[in-house]
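Taken in order, the sequence shown gives residues -22 to -1, 1 to 104; the numbers are from mature numbering (1 follows the signal peptide of the UniProt record, and there is no 0). Just so it is clear, CB atoms sit at the ideal spot from N, CA and C, and this is done for glycine as well. Accompanying notes for the structure given below.
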Amino acid sequence: MKFTFALAAIALAANAIAPALALPEPAPAAAAPTVYSGEAARSLERRTNSGTVRVDGLRYRRCPKTSCDAVGQYSIGTHITIVCYTRDGTTVVNGDAGWAKLTNGYWVALANGEYVSWSGSIPYCT
């Protein structure tokens, strides 16, 4: 009996320290970069938002500031496609620092929705 008791005590002690001696699991491999092609790429392009110019002579510029060159202007009712918007490093127009980047790479002031109307959400430019 003493021999069985001693073996049982040794087995319990071994089971108690076994987790501490176990080797850690290897780290998972880094995920491959995501590449969008085909239909997935086209669905990302659809994340743009259409807008309508609400004022006549809305200037579109090379950057989101009134000090940047005005390349041209839109007439009232012109349909534009907005990619994203920013409020960082912009000129405040009619109390709003928001400017929209268009698919052609130019910028228009949003001016609290007075210059451009749109539906849905516009992503923030990163």
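- Taking the Cα positions, Asp47 is about 22 Å away from Asn90.
- The residue from Cys103, Asp74, Ile100, Gly83 with its alpha-carbon nearest to that of Glu92 is Asp74.
- Taking the Cβ atoms as the reference, Cys62 lies roughly 5 Å from Lys79, within the contact range of under 8 Å.
- Exposed is the label assigned to Ile54, since fewer than 16 other Cβ atoms lie within 10 Å of its Cβ.
- In this structure Ile60 is in contact with Ile100, their Cβ atoms being roughly 5 Å apart against a cut-off of 8 Å.
- Setting aside the 5 residues that flank it on each side, Arg32 is surrounded in the same chain by Ile54, Glu92, Tyr93, Val94, Ser95, each with a C-beta closer than 7 Å to its C-beta; the list follows chain order.
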